[in-house]
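Protein chains in written order, with our numbering: chain A, 41 to 368; chain B, 41 to 368. Glycine included, C-beta positions come from ideal geometry on N, C-alpha and C. This report concerns only the one structure given below.
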DNA sequence: ACAGGGTGTTAGAGCGCTCTAACGATCGTT
DNA sequence: AACGATCGTTAGAGCGCTCTAACACCCTGT
């Protein structure tokens, strides 16, 4: 920095002002400083900058599982807004709750202005204790805790979209393969399914098969459904992977999708878009979720808001070729 | 830190030594310092630490595409080694070459000790200029440049494995849907296919259909293959996604896999493992690639090596149910 | 010609840590 | 008992930046 200042014939402080985009610098000085900096290959040191400045322009993002492209799209949304606002992101990868906590610690050592946690495994109490006073937004898991905001998908609404779509096609016996007891949003989806079925007067036909979030869970659930006598005409699966598992078993039993059984997934993952699968599914606007999460975090960082908020994003239904009217 | 020192009745410098895991601290002092630190919720400031110390223990990782789970597994490998060696990772997400360069800049502002670039889009010349003297390892793209090491998959070997497997089953007319002209490794795979076919005396039967790396590319290539009269008895696709596209078209034409046509993919992606797909495919040991990349970077950081190296990882074949002997 | 309000620039004191060099204490050795 | 060697500890000078407060400078209006 000293060198740049000398090269441009100005003081160190002015160089600093230029790199902070201060409006109080004349165009001529700015241009000269930038030119000399470029020529000398000078690049500000984020460490020193972070140390000296009180307001960090860095936000930490903890991704639960890098393997799940679901999170990638949320990160896209966060990035889009961060880029626009001049914030830098520090990405961390959890993967197992023990590691998650240590990665959280690492991010915190960089003193971020705030934290976005994508579906964290760690209990919110532990997180709250770790982060101290740093603002936190949790995405994908409802957390009721002062000082933590939340962005979640309206799972019940998503389930209702699926059920109503199937009912509209004429299905009455619609089964649900649930995401199990622990999966994020699984319970809410199952509950939403139940509510929607009753609201349509199909409460008597409702049937929840316990499952999980893996393909194998779908396979096992489907096997159980087919073993139980007359199969339903439609199945709403807890997510796309489960739906694919169900689809495989139906195929093995000579049941066509959607000819014999209609199938709806959840997540609108890349898998659902595969030509061979082409699954009707509930789409969560992930990009929007990411943007909202960061926007929400910034409100708190700027001290514009103090009470915790819970944003519930409304999902949409993507109709593909795995659903049709039931066989007459 | 001052407070911790006071609380433990020692000097600031000793607290620093404790947090740097120095062996020159008595167990008694260490225990007391750690206890007081924990009690006060003290956490070292990575900024200040990075500023003051010359040898950063931070490594930057630039991920080309967060949506591609392929990279996630490489990151897993990097993380495993980094954790073991006490290095922290700074993850960045490219996504489009313009953004990639700016993200690279952001990471560099944190003055990492080294950089791992996963399949960067940016030309190596530009990268070299940006990073200055920071050691770099490029994964997934062969780069010949002093100061940059490379970890790549042995694409030619992978292609040979696929072809030999099919030939061993009795196939002779084996077509290849290539990954196009621009895709990473596409040309090497196509060349490897050609070499393997000739080596097996099947040079006359070799047939490369131009494609790409998307499902749609597979669909189009398959359509072209089927339009050209007698179809081959086996198809080796540039990657799994392409294979799935091919599979869909074969299915549409009433051709069974592997009954009528055997199919081999490349990457051993999650898609290949889907029950319904169950694709024979070439597996790149991604975890190992990540570990090797970091190990290689550390050699250079430590100054143990100066000349550039190129590590070529040997892939393996994962046989599933998309390949079988041709119909007699 | 001079006050008054910008505008553009600067000196200098930290930010929280690491690291060098040096120190006092304890030990085994002669 | 005196000696150097080793161990545990400490003071104090930076690391490269930001930021406050003050300062020079150039207008404009009277």
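Could you list which residues in chain B have their beta carbon closer than 7 Å to that of residue 87 of chain A, in chain order? 87, 90, 91, 150 and 151
Does any residue of chain A have a CB that is nearer than 8 Å to the CB of residue 107 of chain B? Taking 8 Å as the CB threshold, residue 107 of chain B lines the interface with chain A.
Verify whether the separation of the beta carbon atoms of residue 100 of chain A and residue 329 of chain A is less than 8 Å. no
CB-CB under 8 Å to residue 72 of chain B, same chain, minus the five flanking residues each way: which ones, in chain order? Once the five neighbours on either side are set aside, the close Cβ partners of residue 72 of chain B are 48, 49 and 50.
Sequence-distant residues of the same chain with beta carbon closer than 7 Å to residue 80 of chain B, five excluded per side: 43, 44 and 47
Taking 8 Å as the threshold (C-beta atoms), are residue 41 of chain B and residue 58 of chain B in contact? no
Does any residue of chain A have a CB that is nearer than 8 Å to the CB of residue 119 of chain B? Residue 119 of chain B counts as touching chain A.
What would DSSP say about residue 316 of chain B, mapped onto helix, strand or coil? coil
Status (buried if at least 16 other CB within 10 Å, exposed otherwise) for residue 93 of chain B: exposed
Measuring only the C-alpha atoms, how far is residue 260 of chain A from residue 332 of chain A? 37 Å
Return the Cβ separation of residue 181 of chain A and residue 246 of chain A in integer angstroms, given the expectation that the two are a contact with Cβ distance under 8 Å. With 8 Å as the limit, residue 181 of chain A and residue 246 of chain A do not qualify as a contact, their Cβ atoms being about 26 Å apart.
Which residue from B:285, B:252, B:244 and B:253 puts its Cα closest to that of residue 263 of chain B? Closest by alpha carbon: B:285.
DSSP beta-bridge partners of residue 189 of chain A: A:177
Between which two residues does the beta strand (DSSP E) harbouring residue 358 of chain A extend? 356-358
By how many angstroms is the C-alpha of residue 272 of chain A removed from the C-alpha of residue 367 of chain A? 12 Å
Taking 8 Å as the threshold (beta carbon to beta carbon), is residue 54 of chain A in contact with chain B? no
Can you find the residues in the same chain that come closer than 6 Å, C-beta to C-beta, to residue 326 of chain B, ignoring five residues on each side of it along the sequence? Counting only Cβ-Cβ distances below 6 Å, and skipping sequence neighbours, we find 113 and 114.
Just to confirm, are residue 310 of chain B and residue 319 of chain B a CB contact at a threshold of 8 Å? no
Name, in chain order, the residues that DSSP records as bridge partners for residue 274 of chain B. Bridge pairing for residue 274 of chain B: B:214 and B:302 [DSSP].
How would you write the range of the beta strand (DSSP E) that residue 99 of chain B sits in, first residue to last? 98-103
For the putative contact between residue 28 of chain A and residue 152 of chain A, defined by C-beta atoms under 8 Å, what is the C-beta separation to the nearest angstrom? Only positions 41 to 368 of chain A appear in this structure, which leaves residue 28 of chain A out of reach.
Could you tell me which chain A residues have their CB closer than 7 Å to the CB of residue 255 of chain B, listed as they occur along the chain? Correct list: 314 and 315.
Grab the span of the beta strand (DSSP E) containing residue 131 of chain B for me, first residue to last. 128-133
Helix, strand or coil: which one does DSSP assign to residue 351 of chain A? strand
What are the boundary residues of the beta strand (DSSP E) that residue 198 of chain A is part of? From DSSP, residue 198 of chain A is part of no beta strand (DSSP E) but of the alpha helix (DSSP H) over 195-208.
Establish whether the CB of residue 291 of chain B and some CB of chain A are separated by less than 8 Å. By this cut-off, residue 291 of chain B is an interface position.
Sequence-distant residues of its chain with Cβ nearer than 7 Å to residue 76 of chain B (five each side left out): 44, 47 and 48
Opposite residue 321 of chain A in the DSSP bridges: which residues? A:305 and A:358
Whole angstroms are fine: how far does the CA of residue 304 of chain A sit from the CA of residue 217 of chain A? 10 Å
For residue 248 of chain B, does the three-state DSSP call read helix, strand or coil? strand
Identify whether residue 157 of chain B lies in helix, strand or coil by the three-state DSSP scheme. strand
Range of the contiguous alpha helix (DSSP H) that encloses residue 82 of chain A: Careful: residue 82 of chain A lies outside any alpha helix (DSSP H) and carries neither H nor E.
Under the three-state reduction of DSSP, which class applies to residue 116 of chain A: helix, strand or coil? helix
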